[in-house]
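Chemist:
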Amino acid sequence: MATASRLENLARQLWVPAVLWVLLLIVYFLAQFVLSAQYTGIVLNLFITTVLVLGLQVFSGNSGILSFGHIAFAALGAYLSALLTIPVGIKRTTFLEMPGFLKWILDVEMGTLSSTLVSGLFAAVVALIVATPIVRLRGVPAGIATLALLVIVFTFNIQTTSITRGTSTMIGVPATTTISSAFLWALVAVVVAFAYQASRRGMRLRASRENEAAARSVGVNVPFERGVGWVLSAFLMGVGGALYGHYIIAFSAGEFYFAATFNIVLMLVIGGLTSVSGAVVGVIFITVVKEILRNIENGALDGRYPGLTELVLAAILIFVLVKRPRGLTAGHEIPWPRDWAMPRWASRRRGAAAADNQVADVT
Amino acid sequence: MASRRPTSDSESRQEHTIQDVIQTAVDSISYGALYALMALSLALLFSVMGLMNFAYGELIMVGGYTMFILRDDSWVLLLVITIVVVTVISVLMERIAFRPLRDASPNTLLVASFAVSYGLQQLAYMTVGPIPKGVSPYPWLVESLDILGISVSRLSIITFVVTIALLIAVTAGLNRTMLGIQLRASTEDFDMARLVGVRANRVIVAAFAITGVLAGVVALCYVSRSGSVSPTLGQGPLLVAFVGGVIGGLGSLTGATIGGFLLGAAVTALQATLPTDLSSYTTLFAFSAVIAILVLRPSGLFARRAVREA
Numbered sequence: 001m002a003t004a005s006r007l008e009n010l011a012r013q014l015w016v017p018a019v020l021w022v023l024l025l026i027v028y029f030l031a032q033f034v035l036s037a038q039y040t041g042i043v044l045n046l047f048i049t050t051v052l053v054l055g056l057q058v059f060s061g062n063s064g065i066l067s068f069g070h071i072a073f074a075a076l077g078a079y080l081s082a083l084l085t086i087p088v089g090i091k092r093t094t095f096l097e098m099p100g101f102l103k104w105i106l107d108v109e110m111g112t113l114s115s116t117l118v119s120g121l122f123a124a125v126v127a128l129i130v131a132t133p134i135v136r137l138r139g140v141p142a143g144i145a146t147l148a149l150l151v152i153v154f155t156f157n158i159q160t161t162s163i164t165r166g167t168s169t170m171i172g173v174p175a176t177t178t179i180s181s182a183f184l185w186a187l188v189a190v191v192v193a194f195a196y197q198a199s200r201r202g203m204r205l206r207a208s209r210e211n212e213a214a215a216r217s218v219g220v221n222v223p224f225e226r227g228v229g230w231v232l233s234a235f236l237m238g239v240g241g242a243l244y245g246h247y248i249i250a251f252s253a254g255e256f257y258f259a260a261t262f263n264i265v266l267m268l269v270i271g272g273l274t275s276v277s278g279a280v281v282g283v284i285f286i287t288v289v290k291e292i293l294r295n296i297e298n299g300a301l302d303g304r305y306p307g308l309t310e311l312v313l314a315a316i317l318i319f320v321l322v323k324r325p326r327g328l329t330a331g332h333e334i335p336w337p338r339d340w341a342m343p344r345w346a347s348r349r350r351g352a353a354a355a356d357n358q359v360a361d362v363t
Numbered sequence: 364m365a366s367r368r369p370t371s372d373s374e375s376r377q378e379h380t381i382q383d384v385i386q387t388a389v390d391s392i393s394y395g396a397l398y399a400l401m402a403l404s405l406a407l408l409f410s411v412m413g414l415m416n417f418a419y420g421e422l423i424m425v426g427g428y429t430m431f432i433l434r435d436d437s438w439v440l441l442l443v444i445t446i447v448v449v450t451v452i453s454v455l456m457e458r459i460a461f462r463p464l465r466d467a468s469p470n471t472l473l474v475a476s477f478a479v480s481y482g483l484q485q486l487a488y489m490t491v492g493p494i495p496k497g498v499s500p501y502p503w504l505v506e507s508l509d510i511l512g513i514s515v516s517r518l519s520i521i522t523f524v525v526t527i528a529l530l531i532a533v534t535a536g537l538n539r540t541m542l543g544i545q546l547r548a549s550t551e552d553f554d555m556a557r558l559v560g561v562r563a564n565r566v567i568v569a570a571f572a573i574t575g576v577l578a579g580v581v582a583l584c585y586v587s588r589s590g591s592v593s594p595t596l597g598q599g600p601l602l603v604a605f606v607g608g609v610i611g612g613l614g615s616l617t618g619a620t621i622g623g624f625l626l627g628a629a630v631t632a633l634q635a636t637l638p639t640d641l642s643s644y645t646t647l648f649a650f651s652a653v654i655a656i657l658v659l660r661p662s663g664l665f666a667r668r669a670v671r672e673a
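Going down the list, the protein sequences come from chains B and L.
Heads up: the first sequence begins at 1 in the numbering used here, then just goes up one per residue.
Heads up: the second sequence begins at 364 in the numbering used here, then just goes up one per residue.
1. Taking a contact to mean a Cβ-Cβ separation below 8 Å, would you say B/G69 touches B/T146 in this structure?
2. I need the straight-line Cα distance from L/Q545 to L/V561, nearest angstrom please.
3. Give me the chain L residues within the contact set of B/G143, using Cβ-Cβ distance strictly less than 8 Å, ordered along the chain.
4. Are the Cβ atoms of B/I48 and B/Y244 separated by less than 8 Å?
5. Once DSSP output is grouped into helix, strand and coil, what is the label at L/F571?
6. Pull up the distance between the alpha-carbon of L/C584 and that of L/L518, whole angstroms please.
7. Work out the CA separation of B/T155 and L/F650 for me, nearest whole Å.
8. With the cut-off set at 8 Å, would you say B/T85 and B/S115 are in Cβ contact?
9. For the segment 154-167 of chain B, enumerate the residues whose C-beta is nearer than 7 Å to any C-beta of chain L, in chain order.
10. Using a Cβ-based criterion (distance less than 7 Å to any ligand heavy atom), does B/T178 qualify as near the ligand COA?
11. B/L187 and B/Q57: beta carbons closer than 8 Å?
12. What does the alpha-carbon distance come out to for the pair L/V384 and L/A532?
13. Could you please give the first and the last residue of the uninterrupted alpha helix (DSSP H) stretch that includes L/I432?
14. Cβ closer than 7 Å: which chain B residues qualify as neighbours of L/G482?
15. L/Q485 touches chain B at which residues, Cβ-Cβ below 7 Å?
16. According to DSSP, which residues form a beta bridge with L/G543?
17. So, under 8 Å CB-CB, L/G608 and L/G623 are touching, yes? Tell me the CB distance rounded to an integer number of Å.
18. Can you give the beta carbon distance from L/G482 to B/A259, rounded, assuming they're within the 8 Å contact cut?
19. Please state whether DSSP places B/G299 in a helix, a strand or coil.
20. Measuring alpha carbon to alpha carbon, tell me which residue in B/S5, B/A4, B/L7, B/Q13 is nearest B/S199.
21. Counting C-beta neighbours from all protein chains within 10 Å, is the total for B/W230 16 or more, i.e. buried, or is it exposed?
22. Can you tell me where the alpha helix (DSSP H) holding L/Y481 begins and where it ends?
23. At 7 Å on the CB atoms, spell out the chain B contacts of L/Y488, in chain order.
24. If the cut-off is 8 Å on Cβ atoms, which residues from the segment 641-667 of chain L count as contacting chain B, listed in chain order?
25. Return helix, strand or coil for B/S252, following the three-state DSSP convention.
26. Run through the DSSP bridge pairs and tell me what L/V592 is partnered with.
27. Counting only beta-carbon atoms, is B/V265 nearer than 8 Å to chain L?
28. Let's test the definition: count the other Cβ atoms within 10 Å of the Cβ of L/G426 and tell me whether it reaches 16, buried, or not, exposed.
29. Using a Cβ-Cβ distance cut-off of 8 Å, determine whether L/L518 contacts chain B.
30. Is the Cβ of B/G240 closer than 8 Å to any Cβ of chain L?
31. In terms of residues, what are the limits of the alpha helix (DSSP H) holding B/K91?
32. Run down chain L in chain order and give the residues with a C-beta less than 7 Å from the C-beta of B/I152.
33. In chain order, what residues of the same chain lie with their CB nearer than 6 Å to the CB of L/V670, ignoring the 5 residues before and after it?
34. What does B/P133 reach in chain L if we use C-beta pairs closer than 8 Å?
35. Determine the direct distance from the alpha carbon of L/L537 to that of B/F183, and round the result to whole angstroms.
36. Counting C-beta neighbours from all protein chains within 10 Å, is the total for L/T620 16 or more, i.e. buried, or is it exposed?
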């Protein structure tokens, strides 16, 4: 029957975002009604991280180019949103050496929602400016270039003390990110990431990921499509960075560097780079593992081995890279129930076979 | 880079005498050569197995801590054990993390090397702690030496002699020995080399061992100069060598070595001459140059072949 299959098609299309929404909703309810208050911060962080990892997924997942530079956009978002929302009185006394072209910001006091959106747009504009060289690269050179971007933005943030206070923390950032607002933004990020992936543009970019030459031959303008993904993902990173800034309040440039980059890359790669589900699963999985490890580190081991958690996480990442290179979800979305008879995402061999064309082992 | 400014020449701030100029020149050349050794190591691993090894900086950190533990022993012991420990760690790194990923895509290797780098840093936090440990060099090492009436620190001269000698030795080894020829063949075309009978494991372990020895020497020279060691010690020199390598061309051993030398020498000279706040922005320009070169001249300024892509 035509109507039934049309309905099913629609349901199939909405299935993945719906499941991810429900998953996040369960986490939200657990935090609000079941878990004790000490977990509120952890869950709040989980939602912010979801926005950031989805931001990274929009570009890296669809283009196949792993970016190490996305945290730079989060840093820009966090700093801009902080500068826009810190009460005018505090700003006037704190940022005495604000350069002339930015003096106007001292008299601005925005609401959080608008400043978050402006920060996202700002990150997107910066991404647009730096896109020209980045989208021309692929593979390792692209990874290196994005890393260079991270170092450039970090160096700027740490040296330009008149704007960012450098190694000192920001003062007077309003603590406006609540568990509910972070949750809502995570839901938005899921929809944005999924809509882009399912869209025509997303499809073109994914085609270039699978086979760039073939994609070009059917008329896909690969650098342009990469640029679209790059700018959209920077927007999400800017929003995520702003949310993060309004959550931890006192942050400095070091907050947005290698450790933060490692954190989101770890979650995305372990969850499964090429799917939106992978990003969300990675965030939830790693957050849970991290909390268990932290409890062991501070409980049974009594804090004698600081850094143990991160060490184990690094080991887990290498283990996953070896045993399940496409991540826990093998890079697939959560399958429609009727397809469960042949669970694609549980079969490692299918995923491995589809993995990047590998060098034949000759020896 | 900016935060780990060497402290040895703090008294030379007053005036630029000929003395200072010569000391800076010797320093620039010797530390340029040090960064050249590192860039050469990175290029070797990159061309043989497509691995951009960010964990290389952590080898220097490991060397630094070995020196810290052995700081009261005789210098011969310290020298030998540091080099041995770093080499062993380098080979272990290959065995544990990179061998299972031998046929993985370069992207996967890049992530893995990040994980190894991060893991080793955390291991250092866990065992030694975040507070920098002082490794005071032997008194005779920092003494100034009079050459034709101009005094130059002995450490600079030793670094100069040792690194240049090592560069020559490595070049000779790569050109004259069977292993060296196999290594060079592998950097040209690894699959082809395997087809004509080069054993993959042997060549790759050799590459890790050689880079390990070089990292040991770099650690000895670098930490003697910086005088302290912390878990993130390796990041600064790694970034300089890495940028230098990219500028020169990571796909070619010669190109990367020249690039590492020039950038290392320039950075050392700028750190000694520019005021602090200005020289910290040099990082910014160096990395902008990286992006520009990757786009405009992907094979580097001094090399023919392109950086290997996915």
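Positions of the beta carbon are idealized from the N, C-alpha and C atoms, including for glycine.
Modeler: To lay it out plainly:
1. On the first sequence, position 69 is the one that residue 69 of chain B refers to. On the first sequence, position 146 is the one that residue 146 of chain B refers to. Cβ atoms of B/G69 and B/T146: closer than 8 Å.
2. In the second sequence, counting from the first residue as 1, residue 545 of chain L sits at position 182. In the second sequence, counting from the first residue as 1, residue 561 of chain L sits at position 198. Roughly 6 Å separates the two Cα atoms.
3. On the first sequence, position 143 is the one that residue 143 of chain B refers to. In chain order: M415, N470, L473.
4. Position 48 of the first sequence, counted from the first residue, corresponds to residue 48 of chain B. Position 244 of the first sequence, counted from the first residue, corresponds to residue 244 of chain B. Yes, the Cβ-Cβ distance between B/I48 and B/Y244 is below 8 Å.
5. Here residue 571 of chain L is taken as the residue at index 208 of the second sequence, counted from 1. Correct three-state label for L/F571: helix.
6. In the second sequence, counting from the first residue as 1, residue 584 of chain L sits at position 221. In the second sequence, counting from the first residue as 1, residue 518 of chain L sits at position 155. Distance between the alpha carbons of L/C584 and L/L518: 8 Å.
7. Taking the second sequence and counting its residues from 1, one reaches residue 650 of chain L at position 287. Taking the first sequence and counting its residues from 1, one reaches residue 155 of chain B at position 155. Approximately 10 Å between the Cα atoms of the pair.
8. Here residue 85 of chain B is taken as the residue at index 85 of the first sequence, counted from 1. Here residue 115 of chain B is taken as the residue at index 115 of the first sequence, counted from 1. Yes; because the gap between Cβ atoms is below 8 Å, this pair is in contact.
9. Answer set for the segment 154-167 of chain B: T155, F156, Q159.
10. Here there are no bound small molecules, and the ligand COA is not part of this structure.
11. What you label residue 187 of chain B is simply residue 187 of the first sequence in a count that begins at 1. What you label residue 57 of chain B is simply residue 57 of the first sequence in a count that begins at 1. No, the Cβ-Cβ distance between B/L187 and B/Q57 is not below 8 Å.
12. Here the question's residue 384 of chain L lines up with position 21 in the second sequence. Here the question's residue 532 of chain L lines up with position 169 in the second sequence. Roughly 29 Å separates the two Cα atoms.
13. Here residue 432 of chain L is taken as the residue at index 69 of the second sequence, counted from 1. That run of the alpha helix (DSSP H) goes 419-432.
14. In the second sequence, counting from the first residue as 1, residue 482 of chain L sits at position 119. Among the residues of chain B, those whose CB is under 7 Å from the CB of L/G482 are L311, A314, A315, following chain order.
15. As a position in the second sequence, residue 485 of chain L is number 122, starting the count at 1. In chain order, G307, E310, L311, A314 make up the part of chain B whose C-beta sits under 7 Å from the C-beta of L/Q485.
16. Working through the second sequence from its first residue, we reach residue 543 of chain L at position 180. Partner(s): none; L/G543 has no beta bridge.
17. The sequence position of residue 608 of chain L within the second sequence is 245, counting from 1. The sequence position of residue 623 of chain L within the second sequence is 260, counting from 1. Sure, about 6 Å apart at Cβ, within 8 Å.
18. Here the question's residue 482 of chain L lines up with position 119 in the second sequence. Here the question's residue 259 of chain B lines up with position 259 in the first sequence. Rounded, the Cβ-Cβ distance is 12 Å, inconsistent with contact.
19. Translated into the one-based positions of the first sequence, residue 299 of chain B becomes position 299. Coil, per DSSP.
20. Here residue 199 of chain B refers to the residue found at position 199 of the first sequence. When C-alpha distances from B/S199 are compared across B/S5, B/A4, B/L7, B/Q13, the shortest belongs to B/Q13.
21. By one-based count along the first sequence, residue 230 of chain B stands at place 230. Answer is buried; the Cβ neighbour count reaches 16.
22. In the second sequence, residue 481 of chain L corresponds to position 118, counting from 1. Segment 469-490, the alpha helix (DSSP H) holding L/Y481.
23. Reading the second sequence from its first residue, position 125 is the one you call residue 488 of chain L. Neighbours of L/Y488 in chain B, taken as residues at a C-beta separation under 7 Å, are given in chain order as P306, G307.
24. Listed by position along the chain: S643, Y644, T646, L647, F650, S651, V653, I654, A655, L657, V658, P661.
25. Looking up residue 252 of chain B in the first sequence gives position 252. It is coil, neither helix nor strand.
26. Numbered from its first residue, the second sequence carries residue 592 of chain L at position 229. When beta bridges are read from the DSSP output, L/V592 appears opposite L/K496.
27. The residue you call residue 265 of chain B lines up with position 265 of the first sequence. Taking Cβ atoms only, chain L reaches closer than 8 Å to B/V265, which makes this a yes.
28. As a working note, residue 426 of chain L is residue 63 in the second sequence. Classified as buried, L/G426 has 16 or more neighbouring CB atoms from the shown chains inside 10 Å of its CB.
29. As a first step, residue 518 of chain L must be located in the second sequence, where it is residue number 155. Cβ-Cβ to chain B under 8 Å: no for L/L518.
30. Against the first sequence, residue 240 of chain B aligns to sequence position 240. Closer than 8 Å: no.
31. Counting from 1 along the first sequence, the entry for residue 91 of chain B is found at position 91. Here the alpha helix (DSSP H) through B/K91 covers 88-94.
32. Residue numbering aside, residue 152 of chain B sits at position 152 when the first sequence is read from its first letter. Simply L647, F650, S651.
33. In the second sequence, counting from the first residue as 1, residue 670 of chain L sits at position 307. Caution is warranted here: a pLDDT of 45 is assigned to L/V670, below 50, making its placement in the model unreliable, and no coordinate value can be reported.
34. Counting from 1 along the first sequence, the entry for residue 133 of chain B is found at position 133. Result: I654, A655, L657, V658.
35. The count along the first sequence starts at 1 and reaches residue 183 of chain B at position 183. The count along the second sequence starts at 1 and reaches residue 537 of chain L at position 174. When rounded, the distance between both Cα atoms is 58 Å.
36. Taking the second sequence and counting its residues from 1, the one referred to as residue 620 of chain L is at position 257. Answer is buried; the Cβ neighbour count reaches 16.
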